[in-house]
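K.L.:
Provided herewith is a single structure, encoded as structure tokens, for subsequent inquiry.
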Amino acid sequence: MSSEPTDRNTAQPAAGYPAPTGSPAPGAHPPAGFQAPGAPGQPPYPPAGYPPPLGAYPGYPGYYPPPPPQGYYPPYGGYPAYGYPGYPPPPGPPGAPGTPSADPHAQTAAPGLSGSSAAPPPAHPGQPTAPTGAYPPPSGPPPPGAYPPPPTGHPAYGSPYYPPPPMPGSVPGFPAGPPGPAPGGYPGYPGHQATPGFAPPPPGHSHDPLVYLGVAIPDPSAHAAAVGVEKVKGYDPARDYALVASLTRENTTLNDTRLLPLAKRFIELTPFEMDALRDYAIGKNGVPLADRIDTWGLGYYCTILRGLTLGPLGYDVELINKALAGFGTNETILMELLLCRPGHEIRWLKTGYKLRYGRDLVDAVKSDLSGKLERLYIMALNAQKPTDYPGVMPDQTKVAQDVEILATAAKKRDEGPFFEVLVNRSDGHLASVITAYATRYKSLSKIIKKTFSGNIEAALLFIVHGVKAKRDGQGIWRDAKLMEKSMAGLGTKDQQLVYRILRAHWSHARMKAIKEAYQRRYNKTLDHRVKGETSGPYRDALLAILREADK
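Numbering (UniProt numbering), first residue to last: 1 to 551.
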């Protein structure tokens with residue numbers, strides 16, 4: 001059992017500008033030379049009565065569009081749910097310009113390059129608008145650094161799961177493997193809605209939704225809001241900051257009754273509200289909120305609150321930096337952060353790392369690794385994993401080719417083809433390869449265990465167990481087993497337990513699915529297991545995170 005460590009390691013928002021007298025004719029644009037205030041470095045806010053410029057999102061440029069009502073998918077051309085890393089294919093005949101290739105080997109665009117011609121949401125008179133019930137744009141421009149109203153509560157991990165129809169075999173000797181899992185869905189979890197309200201991406205991410213680990217996130221390159229600016233509609237960070245400020249190293253102990261309420265409050269905040277609180281803390285005294293929490297010296301309790309404070313992307317950025325820092329590399333963290341990730345999440349991770357540490361993540365990995373592991377992770381950082389599109393089934397001819405490629409590579413103990421297939425194929429294609437391989441030869445997992453060892457074996461198994469259709473095709477069963485692995489044996493691996501629970505909890509639907517998979521696998525609840533392995537405020541904070549997913 002792990003014990004809790006005892007060592008102590010008013011400016012107002014800008015007023016809205018009145019609309020010009022009269023409204024322009026439908027389809028007209030603001031008069032030449034017009035300039036209205038907007039976000040720093042962003043296009044001017046168009047006055048009321050004018051449509052947004054061509055290609056702009058309805059509402060206000062540079063800011064987050066209002067979410068669609070619960071139960072609706074984003075409007076045509078909008079950003080998809082977490083399970084759709086990239087744009088969905090626009091309508092059109094096969095092979096028409098702008099239609100994503102059905103080739104599961106097709107490569108996604110490199111960061112910053114156009115890889116899709118999906119149209120932006122319509123914004124002009126006569127064009128479709130967001131579904132009824134979306135938030136209307138404000139009457140005036142938002143103050144610098146402000147967001148529009150965030151989605152209510154925590155968005156679901158993905159869209160509803162619909163079992164795909166059976167697909168007949170098309171290659172002699174190979175059964176047709178199952179198509180990729182329904183994007184973002186889980187068997188037995190009908191009714192989960194698509195992640196609402198994605199922001200238009202900043203330059204360099206022209207086709208990447210601002211979504212990370214299943215939730216919409218703030219633009220990491222956005223300017224901080226000044227104290228007094230309402231960055232998130234209806235959220236005042238002053239009260240939450242006052243609670244943090246009341247705790248100091250001198251007056252805070254592990255028995256402090258304020259610790260659990262603070263943890264619960266941080267768990268409730270959305271990534272946008274936490275972003276506003278971080279800005280407020282910097283504006284008040286110049287000290288980052290996460291660094292202030294560290295001064296309390298309350299062991300893993302502070303570790304948890306620091307992670308909550310950094311948010312989904314910021315926490316991953318810090319984790320991967322720690323994995324590469326000092327002597328040696330934490331290959332387990334690299335594996336869990338870089339493998340089986342959608343291309344847009346890899347690109348956001350690279351962007352966040354560069355913004356925080358001023359260094360390219362690819363260069364950092366190259367300087368820390370060498371040989372086969374370097375090759376594997378640089379391949380993952382290239383973010384060439386194709387996207388699965390609804391209704392596009394894997395090409396069974398290419399599935400059969402990959403099965404033979406892997407079989408030949410296994411005989412030669414050549415890891416190169418395994419890297420190429422497992423890293424650079426879509427999840428749906430890989431699920432079919434795994435099924436076909438088991439039918440033609442034997443379990444691909446067993447082949448990997450027999451052929452490779454150490455970090456290479458662990459990394460390849462992590463990918464296979466994350467996509468194989470025998471379980472859920474989305475790594476839920478795998479992640480439940482990793483939770484147990486953090487606590488099994490003599491002593492709890494507290495660092496692993498903390499980051500695995502934190503990273504899973506951003507999406508409540510995923511956290512709930514992991515908990516249910518854990519209970520089916522081990523005949524006990526994850527909450528009960530964690531409670532028996534931890535203590536003090538550290539235990540209370542972890543249990544509060546786990547229970548939040550049940551709400």
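Where is the CB? At the ideal position from N, CA and C, for every residue including glycine.
Going along the chain, which residues of its own chain have a beta-carbon closer than 8 Å to the beta-carbon of Arg547, five neighbours each way excluded?
P.N.:
Counting only Cβ-Cβ distances below 8 Å, and skipping sequence neighbours, we find Asp527.
K.L.:
Using a Cβ-Cβ cut-off of 6 Å (strictly less than) and excluding sequence neighbours within five positions of Arg258, which residues of its own chain qualify?
P.N.:
Here the set comprises nothing.
K.L.:
Which residue marks the beginning of the alpha helix (DSSP H) containing Glu331, and which one marks its end?
P.N.:
Taken as a continuous stretch (DSSP letters only), the alpha helix (DSSP H) holding Glu331 covers 331-338.
K.L.:
Mind checking which residues open and close the alpha helix (DSSP H) that includes Ile501?
P.N.:
Note, Ile501: alpha helix (DSSP H), 494-505.
K.L.:
Considering Ala323, what are the terminal residues of the alpha helix (DSSP H) in which it resides?
P.N.:
Per DSSP, Ala323 belongs to the alpha helix (DSSP H) from 300-324.
K.L.:
Can you find the residues in the same chain that come closer than 7 Å, C-beta to C-beta, to Asn455, ignoring five residues on each side of it along the sequence?
P.N.:
For Asn455, where only same-chain residues beyond five positions count, the Cβ hits under 7 Å are Glu331, Leu373.
K.L.:
Might you give, ordered along the chain, the residues of its own chain that have their beta carbon closer than 8 Å to the beta carbon of Leu422, omitting 5 neighbours on each side?
P.N.:
The residues are Leu430, Leu460, Ile463, Val464.
K.L.:
So, with DSSP's three-state summary, where would you put Pro215?
P.N.:
Here residue 215 turns out to be Val, not Pro, going by the sequence shown. In this structure, Val215 counts as strand in the three-state DSSP scheme.
K.L.:
Between Tyr538 and Tyr300, is the Cβ-Cβ spacing less than 7 Å?
P.N.:
Yes, the Cβ-Cβ distance between Tyr538 and Tyr300 is below 7 Å.
K.L.:
Whose C-beta lies closer than 7 Å to the C-beta of Leu369 among residues of the same chain, with five residues either side of it excluded?
P.N.:
Counting only Cβ-Cβ distances below 7 Å, and skipping sequence neighbours, we find Thr329, Tyr377.
K.L.:
Hey, how far is the Cα of Asn251 from the Cα of Leu262?
P.N.:
About 15 Å.
K.L.:
Within the same chain, show all residues whose beta-carbon is closer than 6 Å to that of Leu289, passing over the 5 residues directly before and after it, in chain order.
P.N.:
Here the set comprises Arg278, Ala281, Thr309.
K.L.:
Write down the C-beta distance between Pro218 and Asp275 rounded to the nearest angstrom, noting that I regard them as a contact closer than 8 Å.
P.N.:
Rounded, the Cβ-Cβ distance is 4 Å, consistent with contact.
K.L.:
Assuming Ala517 and Ala480 form a contact by the criterion Cβ under 8 Å, report the distance between their Cβ atoms to the nearest whole angstrom.
P.N.:
Yes, Ala517 and Ala480 are in contact; Cβ-Cβ is about 4 Å, under 8 Å.
K.L.:
Does the contact criterion of 3 or more C-beta pairs under 8 Å hold for the segment 346-360 versus the segment 310-329?
P.N.:
Yes: at least three Cβ pairs fall under 8 Å.
K.L.:
If we count the other Cβ atoms within 10 Å of its Cβ and call it buried at 16 or more, is Leu543 buried or exposed?
P.N.:
Buried: at least 16 other Cβ atoms inside 10 Å.
K.L.:
Under the rule that 16 or more other beta-carbon atoms within 10 Å means buried, what is Val287, buried or exposed?
P.N.:
Exposed, because fewer than 16 other Cβ atoms sit within 10 Å of the Cβ of Val287.
K.L.:
Entirely within the segment 421-503 and at least 4 residues each: give me those alpha helix (DSSP H) ranges in chain order.
P.N.:
Runs found: 427-440, 444-451, 454-467, 476-487.
K.L.:
Within the chosen definition, does the segment 431-446 reach the segment 387-403 through at least 3 CB pairs nearer than 8 Å?
P.N.:
They touch, by the three-pair rule.
K.L.:
Please say whether Pro390 and Gly428 have beta carbons closer to each other than 7 Å?
P.N.:
No, Cβ-Cβ distance for Gly428 and Pro390 is not below 7 Å.
K.L.:
Going by alpha carbons, who is nearest to Ala242 out of Pro209, Arg440, Arg292?
P.N.:
Looking at the Cα atoms, Arg292 is the closest of the given residues.
K.L.:
Just how far apart, CA to CA, sit Lys524 and Leu254?
P.N.:
When rounded, the distance between both Cα atoms is 28 Å.
K.L.:
Report the rounded CA-to-CA distance for Leu349 versus Ala504, giving the unit in angstroms.
P.N.:
Going by the C-alpha atoms only, they are around 16 Å apart.
K.L.:
From what residue to what residue does the alpha helix (DSSP H) around Thr351 run?
P.N.:
Here the alpha helix (DSSP H) through Thr351 covers 343-357.
K.L.:
Can you find the residues in the same chain that come closer than 6 Å, C-beta to C-beta, to His154, ignoring five residues on each side of it along the sequence?
P.N.:
Residue confidence for His154 is low, a pLDDT of 41 falling below 50, so the modelled location carries little weight; the figure read from the coordinates is stated next. For His154, where only same-chain residues beyond five positions count, the Cβ hits under 6 Å are His508.
K.L.:
Smallest Cα separation from Ser367: which of Arg239, Thr387, Ala325?
P.N.:
It is Ala325.
K.L.:
When we look at the beta-carbon of His223 and count the other beta-carbons within 10 Å, is it buried (16 or more) or exposed?
P.N.:
Classification of His223: exposed, given that the 10 Å Cβ count is below 16.
K.L.:
Near Asp540, what residues of its chain come up, given a Cβ to Cβ distance below 6 Å and the 5 sequence neighbours on each side ignored?
P.N.:
Answer for Asp540: Leu260, listed in chain order.
K.L.:
Helix, strand or coil: how does DSSP classify Phe327 here?
P.N.:
Coil at Phe327, not helix or strand.
K.L.:
Along the alpha helix (DSSP H) that carries Gly286, what are the first and last residues, could you check?
P.N.:
Per DSSP, Gly286 belongs to no alpha helix (DSSP H) and is neither H nor E.
K.L.:
Under 7 Å Cβ to Cβ from Leu482, same chain only, skipping five residues before and after it: list those, please.
P.N.:
Contacts found: Arg500.
K.L.:
Would you give the residue range spanned by the alpha helix (DSSP H) that Gln519 belongs to?
P.N.:
Start and end: 508-522.
K.L.:
What residue range does the alpha helix (DSSP H) around Glu230 cover?
P.N.:
Looking at the DSSP string, Glu230 is not in any alpha helix (DSSP H), and its letter there is neither H nor E.
K.L.:
Can you tell me the Cβ-Cβ gap for residue 560 and Leu338, rounded? I've got them flagged as a contact below 8 Å.
P.N.:
Residue 560 lies beyond the stretch modelled for the chain, which goes from 1 to 551, so this question has no answer here.
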